[in-house]
Structure formats: structure tokens, C-alpha cells
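A.B. asks: Starting off with a structure, shown below.
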Amino acid sequence: MELAEFRTALDAWLEENAAELTPTHPSAGSIDAEMEHLNKVKRLAYDAGWMRWGWPERIGGLGGSTLLRGYLGEALSIRGFVQPGYYSMTEVLVPTMIDYASPELAATMAPRQLRGDETWCQGFSEPSTGSNLGALTCRAARTDTGWRVNGQKVWTSLAQFSQRCVLLTRSGTPESAHKGITALFVDMDSPGITVRPLHTMHGVDEFCEVFFDDVDVPLDRMLGSEGQGWAVAMDLLPYERSTALWHRGAYLHRQLQEALSSAPDGALSPHDVGAALEALYALRARSRNTQYRLAAGERLGPETSIDKLLIGIADQAVYDVVMTGLADRILFGDDETSAGWRAGFLYSRAATIYGGSAEIQRNIVARRLLDLGADT
Amino acid sequence: MDRDDLKLFSDSLRQAAERHTDGDPRGFDAALEDLGWRDALLDEPSGATAALFAVQGEFNLASCALDDVVLAALGVDPDRTVAAVLPASGTHTPPGTLLSSTPVRDGRLIVRGLGSARLLDADEVVIVASRDGEPVVLRLAGSDLDVRAVAGIDPWGSWTGVETALTAATAGDAIAADWEQATIRGQLALAQELTATSRAMLDLARDHAVGRIQFGRPIGSFQAVRHRLADCLLAVESAQAACDAGWATPTRFTAGMAKVIAGRAGRTVARHAQQVLAGMGFTSEHAFHGYLKRALVLDALFGSADALSTEIATEVLATGRLPEPLGL
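So, in C-alpha cells, the structure goes:
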């Protein structure tokens, strides 16, 4: 299937099924409804075949270029059918399964994620290791049958909805740093796991604390081999900084358009709008190139930190316009639509923090792309 | 011209640029003649223009090639004896205004614009003028136009200026001009040069940061310096991506955005690189200032970043519609 053909056919399908794909829940505050709707959209798109294109046949895909996945998420986001942050978890975690899970495990699990049967989360950050991922301490000790996990994760998006977790654990000595990390694919209903959603300042309980208390994980749930967890993480992050960003860029375009349409006359100056247009255009141009590199089979690496920095800038530039144009509603509005804008604005303040802070991205750019030597 | 030919052309340009160290733009123009630049331009407008202006930016060279780019876009055969008048500083409106339209020869032609060194001795000068709001191409003998050699902030650019009013008697027939196409092509060429200029400034600063030792360690080990340089690369890569998108689909919007983002990159990189290079970058013997000054001039040609961004945003506010986003 070629992109042009896919685009035409998908656009027609989306138009035909728009009524069913459009969310009916309020635009803020109801993450349960949001997740339910997301899984419904994925299910519909999977059954119609769209969700399977761009994925290899060995995990139930239909093959074809990864650009098809890029376009599907874009098309769903720009129409407001899905929140790309939740939708794109698929783009982050399924490639990891393909690359590092046993073929049987990948073939069993990936379709469940694509079809919206399951939600997965990503257990990376810990209370004492936010930016310094290599210092994580959530402990995995070998047992006769696998691993026993003890410790805590935090900022785990959607853990309360998740059936599985891609978990980074400390399997080596505390001093083993990057070398002593092992990645596990953990069932979230395992005995010993406690999930506690965090109440955030934007009112959407998206992030959680996850506690592991003697949680047994079978050996065949290892992603990669023992001590290969850092490689798993380093290969996963470029996915988080490529297709997922392309989708978010489409969503930001929609938000900016809606803000323009909703702002009172004269509320916005060309200077305000120009700044957001520039930031969004730079992101799209860069991210587009990255999509084509991914499709050509290039291995993505630290250069995706540029994409990640650009989306932080674009996200906040767009919502700065939203804040300027819709200040009255965001500050004083108590209707559902105002609450949605308010949540969006507040969430955008985290765009330079989550998924590796802007400072960490600049460190990566300096060390890996400009070759300025080690951080001191 | 296929992919390999274009690569060969690009490599030859680079070699010519490396050999051309005396700073005289006429020398580089002569090298472009030898390389068949105008044939390449006609054969492969986007690829050849991108290749040349990237090399010009990287080596901080000046040439009269922008004339050729504009002429070709207007459908006029580019030639080394034919010059094009470029828009006045900061703008991208046609440099000419033709008052009293019929017959053309009785009209007054007001010209206010910039140009390359070619304007000084061209046999023929092509001017796009607006007549009742519509752009038309006028062709004058070079000797009819009063041209001033411009030193300004960037004397190595060998820029020229025209500010004159004359009767259009010698202008020949006014033919409808595709000024939009000329603007698109000019903006993309300049955006590409600005991007390469910016990357060159970053390279200078990066090398300095690695080699310069203070407090017993390279200054590039300090996070304040590292983050400045990271922001430079961010700006350069944004500009290159915008150029790529422009070359792939040249439209009024994509070319304008490429020019805006490249213009911003020029300012951003110049500011950070200047700070990192510190005292050394402030001397005339260091290469930095040549790039800084060129970047400022390139930003002012065919619409500055500020002016273009305001213009695009004003249109968006007037229509209430964002331009179509870049697609896959």
C-alpha cells in the first residue's frame, strides 16, 4: 500500500465514520472516558485494517512503510478523534516489543496494543532519578524462575489503565550504572503492584506512582538480555521523539486553528501568531524529515533530541497564543470548553519537562551531536 | 542532470570555493562560469541553486548568481551580461513602480532596489515593476540606470543599490511577470545561504569552545556554553529542515517560512557564537564578523524574517485560517 493510496482511502473512511470516531466526553477532566474512547477508535481502525498498516506481518501487521503509521496518527489527531499523547504510546512501545521481546511474546502482545484491547505503560522515572535515568534503583533480583522486583516508579503515564508495563530495573550492583539495567515486560495485575494516580495541576490524573513489592516476573518476560536495559531505553526514546511527535504536531496545529477561530477579534497580534507559526512550522519540517528517515530504515538516535526540543518550544508557543487569545475563558471560564483550554494550557507548561527535560536534550545535543566532550 | 551529476556539481563548487581565497567576488563568478552554473540552474533549478547557495554560505563567498536565479524564475534567459534588480531592503515587493500605464514609453518608472555587482556593468538590466498592482518585466540598457556601489555593513558582498526615476521610454515592452515565482526562488536561495552561513558560524564557535582553555578546562565543558551551542544547532537544523521542505514543494508559504526560519537562525547563531567566541570573535582578523555581517544582509533581502512573519500572520488573522500543515 502506497502512502497516497492509503491517505485517500483513510480520509474517506474517517469522513464516513466521523460520528462514531468523534469523542462525546468533555475535553478535560475525564481521563476514563478519554481512554475508553481511545480504545474504541483503535479497535475500529484495527478492524478496518488501518491500524495494522506499517507494522510487520509477524506481529499481525499488514506491512508497508512506517509513513502509513505516521499518517494515521496525524489524521486521527488533526480531526480531534484522539489525544496523540495517549494514542502514540503504541508508537513508543510496540517497536520496542518488536526489537527486544521474544518473537512469540511480540506476536501475542502487539496486536492487543494495536487493537486497543490493552493499555501499556512505561516504567522509567523514579523519585530519585528523574533526568538521571542511568542511576535508577528499582531492584530486580534473579530467582529460580525469573526476576523479583522491588522498588518504585513515578510519572508513569496511564499506569492505572495499563495491563502491562515496560519496566527498567536495576539488576546489577548499585554502582553498575548503565550496564546493570534490565528491561522487563510486566503484567500489571501481578501480586505486589500498587498504582496510585498523581493529582496534577492541570486536573487530569494521567501520571501515577507505581510500587513494586516482591513482584515476580517470569524469565521469558525479559526484553533483550540481562543488562541490556539501557540499550532498550536508548532505542525506545527515539521512537518517542519521532512518530509520536509527528502526531502531536498535528494536534497542535488543530489547537492553534481552534484558538484562532475562538479568540475575540483583536485579541491576537500578528506577532503572537507569527511566533507560534514559526515554531510549529520548524517542528513539522524537522519531524517530517525524521519520518522519512525512519521509513528508509535508518536507525534513529540522539539527533531526535532536536525534534524533542522543537516540540517543547512549539507546544508552549502554541499555548502561549491560546492563553493570549482566550485569556478570559482560561482564567475565569467555568464551562467545559474553557476547562479544556485551561487544561491544555497548563499541560503545555510540562512540555519542556516530560520525556527528558529540555536541559537534558541540550546536554545530549552538546555531547553527541556537537562532540563537545563529556558533561561535567 | 541526475543525482550523481548534481553531486558532482556540488563537489566541484566546493573545490572551487576552497581554491577561491582572495575574497574578490568576481573571481568566484569566473569559477561559476567554468562550472557551467547557468546550465545547471536551467537543468535542475532547485538542486543546483541549493548546492551553490549552500557553498556560498559556508565559505562566505559572494557572487552574482542570485541574478541568474531571479532571471530564470522570470523566464528570462540568464546571462552574465544581464542583471536583475532585487527588492529594496527588508521587502519582497517589486523594485519598480510604473506610473501612467499606456503607452509604456511615456510612463515614469521609479526604481528602488538592491543588486549584485553585476548591475555595475551589465549590458541589460531586468526590472520587475508594478503597474496598477500587476507585476511586469521591463528590460533596460545597463547604461540607462544610475547604480551605486554599496559598501555598507558587508563590503565583501559587493552589493549595489538603485534609487532612481526615469521615463520608461527605453524599457521596451512590459510583459506580465511571474514575480511570485521570482520571490519564491530568491527566498529559497537566500534561506539556503543563510542556513549555511549560520552553520559556519556555529562551527567557528564550536571549534573555539573545544580549543580555548580557561580555569584549566575547555570552555566547551561549561554548561552555559554547551547550551548556547546546542541552541545554535537547533536553529540551524530547523532552518535546514525548512529549506528541505521549501525545495521539495516550492510555494509562497513554504519559501516564506524557509526565509523566516533561516533569518531567525542567522540572528540566533550570530548572537550565541559571538558570545562564545568573545574577544577573539570581535577582531577583524577572525572570520566570524564576515559571516555575521553577511547574515544580516541576507536576512534583509526578499523579505526579512520579521517582515515576512508579520505578513504571513496578518494574513492568517485576516482569513482566520492557518495554511495547510506540511504533510508527509
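Residue numbers (the numbering used here), protein chains in the order written: chain A, 1 to 376; chain B, 1001 to 1328. Here a beta-carbon is modelled for each residue, glycine too, at the ideal position from N, C-alpha and C. These figures come from a predicted structure and were not determined experimentally.
#1: Using the beta-carbon of each residue, which ones in chain A are nearer than 9 angstroms to Thr1314(B)?
#2: Could you tell me the alpha carbon to alpha carbon distance between Asp334(A) and Asp328(A), rounded to whole angstroms?
#3: Would the beta-carbon of Ala1088(B) fall within 9 angstroms of that of Leu1071(B)?
#4: Can you list, in chain order, the residues of its chain with a C-beta nearer than 7 angstroms to that of Leu236(A)? Leave out the 5 residues immediately preceding and following it.
#5: Consult DSSP for Gln122(A) and reduce its assignment to one of helix, strand or coil.
#6: Excluding the five sequence neighbours on either side, which residues of its own chain have a C-beta within less than 7 angstroms of the C-beta of Gly224(A), listed in chain order?
#7: Confirm the yes/no value for this check: CB of Arg1228(B), any heavy atom of the ligand NAD, distance under 8 angstroms.
#8: Suppose you measure from the CA of Leu114(A) to the CA of Asp47(A); what does that come to, to the nearest Å?
#9: Residues of chain A with a CB under 7 angstroms from the CB of Gly1047(B): which are they?
#10: If you run the structure through DSSP and keep just helix, strand and coil, what is Cys165(A)?
#11: Short of 9 angstroms Cβ to Cβ, which residues in the region 1203-1223 of chain B face chain A?
#12: Which same chain residues end up closer than 6 angstroms to Ser77(A) when comparing Cβ atoms and leaving out the 5 residues on each side of it in sequence?
#13: Would you call Asn363(A) buried or exposed, if buried means 16 or more other Cβ atoms sit within 10 Å of its Cβ?
#14: Taking C-beta to C-beta, are Phe207(A) and Thr200(A) nearer than 9 angstroms?
#15: Distance check for Leu1145(B) and Ala1165(B), CA to CA, integer angstroms please.
#16: Give the residues from the region 1289-1321 of chain B that approach chain A closer than 7 angstroms (Cβ to any Cβ), ordered along the chain.
#17: Could you check whether the Cβ of Gly192(A) sits closer than 9 angstroms to any Cβ belonging to chain B?
#18: Does any CB atom of chain C fall closer than 9 angstroms to the CB of Ala282(A)?
#19: My output table needs one value for Asn150(A): the three-state DSSP class, helix, strand or coil.
#20: With 7 angstroms as the limit, tell me which residues of the region 1233-1245 of chain B have their beta carbon closer than that to any beta carbon of chain A; keep them in chain order.
#21: Let me make sure I understand the geometry here. Which of Val1085(B), Ala1117(B) and Gly1090(B) has the alpha-carbon closest to that of Leu1074(B)?
#22: Kindly say whether Gln160(A), judged by its beta-carbon, lies nearer than 9 angstroms to any beta-carbon of chain B.
#23: Whole angstroms is fine: what's the gap from Ala1313(B)'s alpha carbon to Val1069(B)'s?
#24: Could you please give the first and the last residue of the uninterrupted beta strand (DSSP E) stretch that includes Ser1130(B)?
#25: For a contact meaning CB atoms closer than 9 angstroms, what does Val1260(B) contact in chain A?
#26: According to DSSP, is Asp213(A) helix, strand or coil?
#27: Please go through the same chain and pick out, in chain order, the residues whose beta-carbon is closer than 6 angstroms to the beta-carbon of Thr352(A), but skip the five residues on each side of it.
#28: When we look at the beta-carbon of Ala141(A) and count the other beta-carbons within 10 Å, is it buried (16 or more) or exposed?
#29: Cβ of Ala1364(B) within 9 angstroms of Cβ of Gly1266(B)?
#30: What separation, rounded to the nearest whole angstrom, lies between the Cα atoms of Cys165(A) and Trp55(A)?
#31: Looking only at its chain, what residues have a beta carbon closer than 8 angstroms to the beta carbon of Ser102(A), apart from the 5 residues adjacent to it on each side?
#32: So which residues on chain B does His247(A) lean against when the C-beta distance must stay under 9 angstroms?
#33: Does the beta carbon of Leu256(A) sit closer than 9 angstroms to a beta carbon anywhere in chain B?
#34: Anything in the region 66-84 of chain A with a Cβ closer than 7 angstroms to a Cβ of chain B? List those residues in chain order, please.
#35: Drop a sphere of 10 angstroms on the beta-carbon of Leu1308(B), count the other beta-carbons inside from all chains shown, and report buried for 16 or more, exposed for fewer.
#36: Is it right to say Arg299(A) is buried, meaning 16 or more other beta carbons lie within 10 angstroms of its own, or is it exposed?
C.D. replies: Result, derived from the coordinates:
#1: To locate residue 1314(B), count along the second sequence from 1; it is residue 314. When 9 angstroms is used as the limit between beta carbons, Thr1314(B) is near these residues of chain A: Pro270, Val273 and Gly274, in chain order.
#2: In the first sequence, counting from the first residue as 1, residue 334(A) sits at position 334. In the first sequence, counting from the first residue as 1, residue 328(A) sits at position 328. Taken atom to atom, the span from the alpha-carbon of Asp334(A) to that of Asp328(A) is near 11 angstroms.
#3: By 1-based counting over the second sequence, the position of residue 1088(B) is 88. By 1-based counting over the second sequence, the position of residue 1071(B) is 71. Contact: no.
#4: Translated into the one-based positions of the first sequence, residue 236(A) becomes position 236. Cβ within range, chain order: Val92 and Thr96.
#5: To locate residue 122(A), count along the first sequence from 1; it is residue 122. Three-state result, Gln122(A): strand.
#6: To locate residue 224(A), count along the first sequence from 1; it is residue 224. Cβ neighbours of Gly224(A) beyond the five flanking positions: Tyr100, Ala183, Ala231 and Val232.
#7: Judged by which ligands are present, the structure shown has none, so any question about the ligand NAD falls away.
#8: Counting from 1 along the first sequence, the entry for residue 114(A) is found at position 114. Counting from 1 along the first sequence, the entry for residue 47(A) is found at position 47. Per the coordinates, the alpha-carbon of Leu114(A) lies some 10 angstroms from the alpha-carbon of Asp47(A).
#9: Position 47 of the second sequence holds residue 1047(B). Chain-order list of chain A residues neighbouring Gly1047(B): empty, with the shortest C-beta distance near 17 angstroms, by a criterion of under 7 angstroms.
#10: Position 165 of the first sequence holds residue 165(A). For Cys165(A), the three-state secondary structure derived from DSSP is strand.
#11: Identification of residues in the region 1203-1223 of chain B having a C-beta nearer than 9 angstroms to some C-beta of chain A yields Arg1206, Ala1209, Val1210, Arg1217, Pro1218, Gly1220, Ser1221, Phe1222 and Gln1223, given in sequence order.
#12: If you number the first sequence from 1, residue 77(A) lands on position 77. Hits under 6 angstroms: Pro84, His247, Ala250 and Tyr251.
#13: Residue 363(A) sits at position 363 when you count from the first residue of the first sequence. Residue environment for Asn363(A): buried (at least 16 other C-beta atoms within 10 angstroms of its C-beta).
#14: Here residue 207(A) is taken as the residue at index 207 of the first sequence, counted from 1. Here residue 200(A) is taken as the residue at index 200 of the first sequence, counted from 1. Contact: yes.
#15: The residue labelled residue 1165(B) in the question sits at position 165 within the second sequence. The residue labelled residue 1145(B) in the question sits at position 145 within the second sequence. Whole-angstrom Cα-Cα distance: 9 angstroms.
#16: For chain A, the residues of the region 1289-1321 of chain B that bring a beta carbon within less than 7 angstroms of one of its beta carbons are Ser1309, Thr1310, Ile1312, Ala1313, Thr1314, Val1316, Leu1317 and Gly1320, in chain order.
#17: Residue numbering aside, residue 192(A) sits at position 192 when the first sequence is read from its first letter. Interface residue (Cβ-Cβ distance to chain B less than 9 angstroms): Gly192(A) is not classified as such.
#18: Although the question refers to chain C, the structure presented lacks it and instead comprises the protein chains A and B.
#19: The residue you call residue 150(A) lines up with position 150 of the first sequence. In the structure shown, Asn150(A) sits in a strand (DSSP, three-state: E or B).
#20: Taking 7 angstroms as the Cβ-Cβ cut-off against chain A, the residues of the region 1233-1245 of chain B that qualify are Leu1233, Leu1234, Glu1237, Ser1238, Ala1241, Ala1242, Asp1244 and Ala1245.
#21: One-based indexing of the second sequence puts residue 1074(B) at position 74. From the listed residues Val1085(B), Ala1117(B) and Gly1090(B), the smallest Cα separation to Leu1074(B) is found for Val1085(B).
#22: Taking the first sequence and counting its residues from 1, the one referred to as residue 160(A) is at position 160. Output row for Gln160(A): interface = no.
#23: Within the second sequence, residue 1313(B) is the residue found at index 313, counting from 1. Within the second sequence, residue 1069(B) is the residue found at index 69, counting from 1. Straight-line Cα distance between these residues: approximately 27 angstroms.
#24: Counting from 1 along the second sequence, the entry for residue 1130(B) is found at position 130. Annotation for Ser1130(B): the continuous beta strand (DSSP E) segment containing it runs Glu1124 to Arg1131.
#25: Working through the second sequence from its first residue, we reach residue 1260(B) at position 260. Neighbours of Val1260(B) on chain A, chain order: Gly274, Leu277, Glu278 and Tyr281.
#26: Taking the first residue of the first sequence as 1, we reach residue 213(A) at position 213. It is a strand residue.
#27: As a first step, residue 352(A) must be located in the first sequence, where it is residue number 352. Closer than 6 angstroms at the Cβ level, and outside the excluded window around Thr352(A), lie Gly312 and Ala358.
#28: Sequence index remark: in the first sequence, residue 141(A) carries index 141 (1-based). Exposed, since its Cβ has fewer than 16 Cβ neighbours within 10 Å.
#29: Residue 1364(B) lies beyond the stretch modelled for chain B, which goes from 1001 to 1328, so this question has no answer here.
#30: In the first sequence, residue 165(A) corresponds to position 165, counting from 1. In the first sequence, residue 55(A) corresponds to position 55, counting from 1. Cys165(A) and Trp55(A) have their alpha carbons spaced roughly 21 angstroms apart.
#31: Position 102 of the first sequence, counted from the start, is the residue given in the question as residue 102(A). The residues are Asp220.
#32: Taking the first residue of the first sequence as 1, we reach residue 247(A) at position 247. Taking a Cβ-Cβ threshold of 9 angstroms, none of the residues of chain B is close to His247(A); the smallest such distance is about 12 angstroms.
#33: Counting from 1 along the first sequence, the entry for residue 256(A) is found at position 256. At least one chain B Cβ lies under 9 angstroms of Leu256(A).
#34: Flagged, chain order: Leu67, Gly70 and Tyr71.
#35: Position 308 of the second sequence holds residue 1308(B). Taking every protein chain shown into account, the CB of Leu1308(B) has 16 or more other CB atoms within 10 angstroms, so this residue is buried.
#36: Here residue 299(A) refers to the residue found at position 299 when the first sequence is read from its first residue. With fewer than 16 other Cβ atoms within 10 Å, it is exposed.
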